[in-house]
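Engineer: In this note's numbering, the protein residues as written are 3 to 212. Got a structure here, written out as C-alpha cells. Questions coming.
This is the structure we're talking about:
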C-alpha cells in the first residue's frame, strides 16, 4: 500500500522534525517492497529467519546456499523444507536454531495452526500472535512481514536497533532510546508508523554513508 500525498503531508505537519527528514530522503516507495515482496508468504518469512542476527553479506551467502538445496531460485517450499534433512540446512550454513524455526513454521503451515492464506483478512495483532507461536519467530520477524510483505502502514518495530538509532539521529539524542520510549515518541506518526519507520531506516543509511 501507499499513502496518499495528503496523508503524507499531514504526517509531516504533525511532526516537523520527521517532516524535514521526509523532504530530504528519497520518496517513500510504498509497500510491499524489497526481497520480502517476492515468492510465497512462507518463503518471505523464511527469508526473515535466515537474515536474523546476521550481517547482510553473510546472510545473503547463507540464504543463497539454502535456496540452492532445491530446484529453482527461491527458498525451499513448505513441502521441500519438511523433506530436507536437518543436515542439509546445517551444511548450507543454517544454525540449528534457524533450521528448527523454518521446520516448525513449515509443520505448522501443514497442520493449519499457521494460516498464511488467510493473513490478508487478519489484524496486525492477530498475525503477530500467530507467527510468534512458531519456535524462533518473534515480534520483529512478524513486524517485518507485516510491513514489507503485507504492506501494513501502521507498524512500529520499536525494539529494532535501526529504528532506535533512527530516532536518536532524528531527535539529536546522545543515546538510543528504549523500545518503550520509541513507542511513546511514535504517537504522532499514527496511522503511518510504517512510513516513519522507513524514514528512520533511511536516516541510518545516511549516517553510514556520511
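All C-beta atoms in this analysis are idealised placements derived from N, C-alpha and C, irrespective of residue type, glycine included. Note that the structure is a prediction, hence the values are computed from the model and not measured.
Give a yes or no on whether the C-beta atoms belonging to residue 48 and residue 107 are separated by under 8 Å.
Structural biologist: The count along the chain shown starts at 1 and reaches residue 48 at position 46. The count along the chain shown starts at 1 and reaches residue 107 at position 105. Cβ atoms of residue 48 and residue 107: closer than 8 Å.
Engineer: Might you give, ordered along the chain, the residues of its own chain that have their beta carbon closer than 7 Å to the beta carbon of residue 118, omitting 5 neighbours on each side?
Structural biologist: Locating residue 118 in the chain shown gives position 116, where the first residue counts as 1. So the list reads 43, 44, 111, once near-sequence residues are dropped.
Engineer: Determine the burial state of residue 159: buried for a count of at least 16 other Cβ atoms within 10 Å of its Cβ, exposed for fewer.
Structural biologist: What you label residue 159 is simply residue 157 of the chain shown in a count that begins at 1. The residue in question, residue 159, is buried, as its Cβ has 16 or more Cβ neighbours within 10 Å.
Engineer: Does residue 8 pass the burial test, meaning 16 or more other C-beta atoms within 10 Å, or should it be called exposed?
Structural biologist: In the chain shown, residue 8 corresponds to position 6, counting from 1. It is exposed - the Cβ of residue 8 has fewer than 16 other Cβ atoms within 10 Å.
Engineer: Roughly how many whole angstroms lie between the Cα atoms of residue 162 and residue 109?
Structural biologist: Counting from 1 along the chain shown, the entry for residue 162 is found at position 160. Counting from 1 along the chain shown, the entry for residue 109 is found at position 107. The straight-line gap from Cα to Cα measures roughly 28 Å.
Engineer: Give me the Cα-Cα distance between residue 148 and residue 93, rounded to the nearest whole angstrom.
Structural biologist: In the chain shown, the residue the question calls residue 148 occupies position 146. In the chain shown, the residue the question calls residue 93 occupies position 91. Residue 148 and residue 93: Cα-Cα distance of roughly 30 Å.
Engineer: Is residue 14 helix, strand or coil when you go by DSSP?
Structural biologist: Working through the chain shown from its first residue, we reach residue 14 at position 12. Here residue 14 sits in helix by DSSP.
Engineer: Quick one: give me the first and last residue of the alpha helix (DSSP H) that residue 2 is part of.
Structural biologist: No statement about residue 2 is possible, as the shown extent of the chain runs from 3 to 212 and does not include it.
Engineer: Can you list, in chain order, the residues of its chain whose CB lies under 7 Å from that of residue 103, leaving out five sequence neighbours each side?
Structural biologist: Here residue 103 corresponds to residue number 101 of the chain shown, with the count starting at 1. 51, 136, 137, 138, 139, listed in sequence order.
Engineer: Please go through the same chain and pick out, in chain order, the residues whose beta-carbon is closer than 6 Å to the beta-carbon of residue 53, but skip the five residues on each side of it.
Structural biologist: If you number the chain shown from 1, residue 53 lands on position 51. Cβ within range, chain order: 61.
Engineer: Measure how close the beta-carbons of residue 78 and residue 150 come, nearest whole angstrom, since I'm counting them as under 8 Å.
Structural biologist: As a first step, residue 78 is located in the chain shown; it is residue number 76 there, counting from the start. As a first step, residue 150 is located in the chain shown; it is residue number 148 there, counting from the start. In fact, because the Cβ distance is near 20 Å, the residues do not count as touching under 8 Å.
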